[in-house]
Amino acid sequence: MSTRNNDRLTPELRAIESEVDHYYMNNPLIKLPFASSAWYLLAFCEDSIAIPIMKGEQLSFQRQAAIADNLVYELNYPLRWLYCSCSPGGKVPFNADNYKAAWNLKKAAWNLLELAGEYKLFVNAFTYANHDWIKLLPCNTTIQPTDNLYSGLEYEAYNRLIRRLISPYKSSIDVNSFPKDEILNTLRVENNRFTYKLNPRIVSDAIQALKPEFDQKFSLPENWKFSRYTLGEFRKVFEVIDAIANIRFYSRLMAVSLGCVGLGYIDSIYVPTHNELLRRIVRYSGISETKVLSIFDDLSYGNRGIAKPDPAIQPLIRLNQDVYAIMPCLWRFSAAERNLTKLLNRLPSERDIYSRLVSEKEKLMRERIESRLPNTMFRSIHCNISGLPDIDLAIIDDVDKTCLLLELKWFIDPAEPREIMEKTEEIKKGIEQLLQLTKAFTNGDKWLSGKLKIDLSYKVFGVVVSANWIGHANAQSPKIPVIKEDHFIAKLEATPNLRAVIEWLDNRKYLPIEGEHFEVGKKTATVGKWNLEWYGFKPLIEEAFFPL
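Under numbering that gives the first Met the number 0, the residue at position 76 of the sequence shown is numbered 75, and the numbers go up by one with no gaps.
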């Protein structure tokens with residue numbers, strides 16, 4: 000669960016941790032071969048999204064986002080447990096009688112997913128405690144964290160509530176753009192099974208209907224080249240698989256509307272053979288077989304020596320030597336570009352390329368901000384200064400005598416505790432660099448003021464602008480705010496007065512307010528006999544949070 004280097008946990012806590020770590024072994028799915036256990040888990044997860052849609056439930060934006068996040072994040076642990084503990088291979092279990100006969104195993108999948116939701120809080124607690132962020136106090140069978148856990152939660156709430164560019168959840172079929180009629184022409188329903196035919200036209204039309212989403216999922220230059228393919232080639236392959244996943248999802252909903260018994264459960268997961276999938280992707284994408292195989296290699300769960308596989312970054316699940324599983328909602332919710340860059344950062348052969356591209360991404364951030372400056376009187380500059388940190392970007396208003404120094408951060412938004420701690424240090428480093436620069440200006444550094452072409456009559460302020468994530472309370476400084484890139488740009492465009500933007504940042508007006516935008520409630524996570532006192536967020540707003 001947590002690293003044991005410089006161990007800060009007591010032997011008692013380590014014994015509890017071990018017991019919690021291995022509790023999943025009691026689940027019946029562990030006794031099945033991986034092909035069977037993984038299929039039951041994926042099919043249950045797919046049902047957790049599809050069934051509310053079939054029932055016509057209307058969900059708020061914030062609830063939709065939470066469902067998508069929870070599905071992808073909570074699937075991580077149970078699928079890894081099965082992958083590491085079950086015997087490899089086996090047969091895919093579905094058959095005509097599966098829906099009734101497999102009830103106990105569906106329940107086991109439900110229990111395993113629920114366990115993952117509880118377990119992830121224990122992971123957070125023990126990892127944070129081992130890095131001295133908090134203290135854990137065991138008492139009988141209850142573990143209590145120290146009170147500092149509950150301070151400054153508005154920063155974590157910001158990361159959760161802030162508007163996203165891509166809506167992560169779809170509550171209905173867009174009949175005007177998705178090729179519904181083409182699917183219906185080949186859709187066949189027989190008792191509790193449904194079938195349909197894929198062809199180039201349906202896939203092409205589906206890709207066209209999904210293009211606005213793909214354009215938002217992919218924002219980096221398509222000519223970025225990795226060791227075996229370009230980002231543009233990866234996008235074409237991803238689009239085809241995502242389109243096929245959407246066709247499966249929507250076909251199921253249509254089949255249910257036509258009377259498919261059991262809500263189409265048996266055919267909820269697309270299970271192609273390796274050769275079938277390869278043939279289709281090569282044909283529909285126009286990418287060579289060699290490059291498609293390389294992309295398959297990277298996207299296949301557990302491949303490329305990934306020690307702790309994650310279905311978010313490797314969503315192509317190989318059940319056995321012959322068959323893949325494509326869970327529609329896992330692909331539909333995928334932040335494809337983000338997940339690819341996260342994967343590349345974990346591959347030794349790609350890490351150097353990834354590092355180079357990160358610096359290019361920060362250049363793109365700078366260019367994007369400069370291109371969106373609303374006031375033509377603003378100056379912008381980026382430069383190196385001997386003996387001081389580089390200035391990633393400075394925005395200067397010579398009329399109002401204000402200067403805003405930006406430290407640009409582009410990293411993958413963290414999902415797991417260790418990643419959170421790593422990225423926290425990056426944010427702290429950015430804050431420290433800005434503190435050095437603002438102090439140097441106050442102390443009359445002539446190199447700095449000369450580069451910026453300002454004097455001591457200017458108000459100089461610093462802000463860390465992060466592409467994806469602003470950190471938790473322990474990453475923050477009272478003097479240097481941290482804000483997301485798209486939020487900062489939107490504020491600049493809405494308020495073409497740099498001094499007003501600085502005051503808004505300085506007063507932390509971009510943060511949500513507890514009791515108005517969200518509330519925090521204490522909750523108890525339970526794994527086996529152990530209870531952990533923790534907390535949970537509840538949005539008090541229905542729509543996206545994006546104050547200007």
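Heads up, the beta-carbon is just placed ideally off N, CA and C, and yes, glycines get one too.
I think residue i touches residue j, with their Cβ atoms under 8 Å apart; what is that distance to the nearest whole Å?
{"i": "SER250", "j": "PHE177", "result": "Contact doesn't hold; Cβ gap of about 11 Å is too wide."}
{"i": "LEU230", "j": "GLU238", "result": "Wrong, their Cβ atoms sit about 12 Å apart, outside the cutoff."}
{"i": "VAL500", "j": "VAL19", "result": "The Cβ separation is near 47 Å, so there is no contact."}
{"i": "LEU434", "j": "LYS478", "result": "7 Å"}
{"i": "GLU612", "j": "GLU11", "result": "The structure shown has nothing for residue 612, since the chain only spans 0 to 547."}
{"i": "PRO511", "j": "LEU252", "result": "No, PRO511 and LEU252 are not in contact; Cβ-Cβ is about 35 Å, not under 8 Å."}
{"i": "PHE233", "j": "ILE294", "result": "6 Å"}
{"i": "VAL91", "j": "LEU329", "result": "Their Cβ separation, rounded to whole angstroms, is 17 Å, which puts VAL91 and LEU329 out of contact at 8 Å."}
{"i": "ASN319", "j": "GLY88", "result": "4 Å"}
{"i": "ASN473", "j": "THR423", "result": "7 Å"}
{"i": "LEU342", "j": "ILE312", "result": "4 Å"}
{"i": "VAL202", "j": "ALA242", "result": "5 Å"}
{"i": "LEU504", "j": "PRO480", "result": "5 Å"}
{"i": "LYS216", "j": "GLU349", "result": "Not quite, the Cβ-Cβ distance comes to about 20 Å (not below 8 Å), so this is no contact."}
{"i": "LEU78", "j": "PRO310", "result": "5 Å"}
{"i": "LEU197", "j": "PHE125", "result": "Not confirmed; about 46 Å, so no contact."}
{"i": "PHE536", "j": "ALA156", "result": "6 Å"}
{"i": "ASN26", "j": "ALA107", "result": "6 Å"}
{"i": "PRO199", "j": "TYR269", "result": "Not a contact, Cβ separation roughly 17 Å."}
{"i": "TRP409", "j": "GLU366", "result": "Going by Cβ atoms, the distance from TRP409 to GLU366 rounds to 13 Å, so no, they are not a contact pair."}
Using a 10 Å radius around the Cβ and a threshold of 16 neighbouring Cβ atoms, would you call residue i buried or exposed?
{"i": "VAL398", "result": "exposed"}
{"i": "THR141", "result": "exposed"}
{"i": "SER171", "result": "Bear in mind that the predicted position of SER171 carries a pLDDT of just 40, short of 50, making it too unreliable to give a figure here."}
{"i": "ALA95", "result": "A caution first: ALA95 carries a pLDDT of 49, below 50, which makes its placement in the model unreliable, though a value can still be read off. Under this definition ALA95 is an exposed residue."}
{"i": "LYS528", "result": "exposed"}
{"i": "ASN338", "result": "buried"}
{"i": "TRP446", "result": "exposed"}
{"i": "HIS486", "result": "buried"}
{"i": "CYS85", "result": "buried"}
{"i": "GLY470", "result": "buried"}
{"i": "THR185", "result": "exposed"}
{"i": "LYS490", "result": "buried"}
{"i": "THR401", "result": "buried"}
{"i": "ARG279", "result": "buried"}
{"i": "GLU359", "result": "exposed"}
{"i": "SER267", "result": "buried"}
{"i": "LYS30", "result": "exposed"}
Kindly indicate which residue of the options has the alpha-carbon position closest to the one of residue i.
{"i": "LEU372", "options": "ALA493, ILE240, ASN123", "result": "ALA493"}
{"i": "LEU219", "options": "THR340, CYS85, HIS130, SER267", "result": "THR340"}
{"i": "VAL462", "options": "ASN442, LYS427, PRO495, LYS445", "result": "LYS427"}
{"i": "ASP618", "options": "GLU415, GLU369, THR437", "result": "In the structure displayed, the chain extends from 0 to 547; residue 618 sits before or after that span and is not available."}
{"i": "ILE246", "options": "LEU209, GLU361, ARG355, GLU431", "result": "LEU209"}
{"i": "ALA524", "options": "TYR118, PRO347, SER36", "result": "TYR118"}
{"i": "GLU541", "options": "PHE410, GLN63, LEU135", "result": "GLN63"}
{"i": "CYS83", "options": "ASN530, ILE52, PHE33", "result": "PHE33"}
{"i": "ASP297", "options": "ARG279, THR145, ARG282, ARG317", "result": "ARG317"}
{"i": "ILE240", "options": "PHE332, GLU361, GLY261", "result": "PHE332"}
{"i": "LEU315", "options": "ASP6, LEU28, LEU41, ASN26", "result": "LEU41"}
{"i": "PHE43", "options": "TYR264, GLU73, PRO144", "result": "TYR264"}
{"i": "LEU104", "options": "TYR76, GLU45, LEU28, ALA65", "result": "LEU28"}
{"i": "GLN592", "options": "LEU31, ARG7, ASN123, SER150", "result": "What is shown of the chain runs 0 to 547, which leaves residue 592 out entirely."}
{"i": "SER370", "options": "LEU504, ILE394, CYS138, TYR157", "result": "ILE394"}
{"i": "TYR300", "options": "ALA37, LEU31, THR9, LEU8", "result": "ALA37"}
{"i": "SER287", "options": "SER17, VAL236, ILE66", "result": "VAL236"}
{"i": "TYR509", "options": "GLY520, PHE544, PHE536", "result": "PHE544"}
{"i": "MET420", "options": "GLY386, TRP468, PHE440, SER456", "result": "TRP468"}
{"i": "MET364", "options": "GLU406, LYS521, ARG13", "result": "GLU406"}
{"i": "LEU531", "options": "LEU183, ASN442, ILE66, ASN139", "result": "ASN139"}
{"i": "GLU45", "options": "ASN25, SER226, LYS408, GLU73", "result": "GLU73"}
{"i": "PRO546", "options": "LYS521, HIS516, TRP533, PRO538", "result": "HIS516"}
{"i": "ILE430", "options": "GLU418, ARG417, ASN442, LEU404", "result": "LEU404"}
{"i": "PHE225", "options": "THR145, ASP396, ASP351", "result": "ASP351"}
Worksheet item: Does the stretch 448 to 457 come within contact of the stretch 378 to 392, defined as at least 3 CB pairs closer than 8 Å?
Response: Judged by Cβ distances under 8 Å, the stretch 448 to 457 makes contact with the stretch 378 to 392, as three or more pairs qualify.
Worksheet entry | Minimum length 4: unbroken alpha helix (DSSP H) runs contained in the stretch 17 to 89 | 33 to 53, 60 to 84
Practice prompt. Assess, as a yes-or-no matter, whether the stretch 322 to 337 is touched by the stretch 266 to 281 under the definition of 3 or more beta carbon pairs within less than 8 Å.
Written response: yes
Worksheet item: Given 8 Å as the limit, is there contact between the stretch 108 to 118 and the stretch 128 to 144, that is, 3 or more CB pairs closer than that?
Response: no
Worksheet item: In the stretch 196 to 258, which residue ranges form an unbroken alpha helix (DSSP H) of at least 4 residues, counting only runs that do not cross its ends?
Response: Counting only unbroken stretches of 4 or more residues, the alpha helix (DSSP H) elements lying wholly within the stretch 196 to 258 are 199 to 208, 210 to 216, 230 to 256, in sequence order.
Worksheet entry | 4-residue-minimum alpha helix (DSSP H) runs that sit fully inside the stretch 472 to 501, ordered along the chain | 484 to 493
Worksheet item: Does the pairing of the stretch 453 to 460 with the stretch 407 to 422 give three or more beta-carbon distances under 8 Å?
Response: no
Discussion item. Restricting to runs no shorter than 4 residues, where is the alpha helix (DSSP H) found entirely within the stretch 373 to 417?
Written reply: none
Worksheet item: So, do the stretch 253 to 261 and the stretch 184 to 198 have three or more beta carbon pairs nearer to each other than 8 Å?
Response: yes
Worksheet item: Which ranges would you report for the alpha helix (DSSP H) in the stretch 296 to 358 if only whole runs of at least 4 residues count?
Response: You should have 327 to 331, 335 to 344.
Discussion item. Restricting to runs no shorter than 4 residues, where is the alpha helix (DSSP H) found entirely within the stretch 121 to 149?
Written reply: none
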